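Chemist: What follows is a single structure, and I will ask about it in a moment.
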């Protein structure tokens with residue numbers, strides 16, 4: 050049985066973890082699970098059936114759900130540096146707006162537009178840059194092997210496709226690895242204790258005071 054607050058000793062003093070804090074972490078993880086699930090479904094469809102009409106049509110709503118889940122996580126994630134937090138949110142916004150514009154200005158399904166015109170990754174790719182930022186943060190904070198691998202794999206696949214240096218089979222392998230590790234990450238986040246995801250709230254309070262004095 051948990052109480053409404055728990056008091057911890059932080060770097061700059063004591064802080065309390067409340068039910069509201071726990072709810073925020075649960076929402077953060079739920080967003081990641083939604084993103085991971087929609088991404089996995091899309092990847093499995095592509096790797097299993099290829100670019101069939103059904104698959105390429107299905108990828109658009111799946112990307113929308115993925116983007117929504119990622120947005121929820123980017124709102125509720127705990128990052129000490131507010132500038133980095135806002136940068137990841139800006140990345141998501143740029144990527145999402147780019148995807149919406151591409152979807153509205155092309156008759157082809159969004160997946161085909163992006164795949165056949167790699168230069169579009171200069172816009173849509175920012176969404177995945179935001180995801181990579183989450184993985185980098187998680188790797189730094191929790192030293193997880195899957196996030197250490199995901200952090201370079203995502204830009205390797207996207208930049209490799211952008212400049213046209215990766216064979217299709219290599220892209221498929223990287224996508225499969227990305228998908229598996231994303232699922233591992235989401236599952237491990239779901240069962241991880243909640244307080245570590247909240248972090249040291251005394252640091253947040255200290256940084257807020259420093260910004261107020263600036």
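Residue numbers (the numbering used here): 50 to 263.
Just so it is clear, CB atoms sit at the ideal spot from N, CA and C, and this is done for glycine as well.
No experiment lies behind these values; they were computed from the predicted model shown.
(1) Compare the Cα-Cα distances from residue 146 to each of 183, 78, 172, 165 and report the closest residue.
(2) Which of the three DSSP states, helix, strand or coil, is assigned to residue 55?
(3) Going along the chain, which residues of its own chain have a beta-carbon closer than 7 Å to the beta-carbon of residue 181, five neighbours each way excluded?
(4) Do residue 84 and residue 94 count as a contact pair if the criterion is CB distance below 8 Å?
(5) Return the chain-ordered list of same chain residues with a C-beta closer than 8 Å to the C-beta of residue 89, the five sequence neighbours on each side being excluded.
(6) Give a yes or no on whether the C-beta atoms belonging to residue 96 and residue 198 are separated by under 8 Å.
(7) Report all residues from its chain with a CB closer than 6 Å to the CB of residue 138; omit the five preceding and five following residues, and keep chain order.
(8) State yes or no: is the C-beta of residue 179 within less than 8 Å of the C-beta of residue 119?
(9) Less than 8 Å separating the beta-carbons of residue 176 and residue 141?
(10) To the nearest angstrom, how far is it from the Cα of residue 104 to the Cα of residue 110?
(11) In the DSSP assignment, the alpha helix (DSSP H) including residue 98 goes from what residue to what residue?
(12) Taking the C-alpha atoms as reference points, what is the distance between residue 131 and residue 161?
Modeler: Considering the structure as presented:
(1) Nearest C-alpha to residue 146: 172.
(2) strand
(3) 200, 203, 204
(4) no
(5) 228, 231, 232
(6) no
(7) 123
(8) yes
(9) yes
(10) Those two C-alpha atoms are separated by around 11 Å.
(11) Note, residue 98: alpha helix (DSSP H), 68-98.
(12) 36 Å
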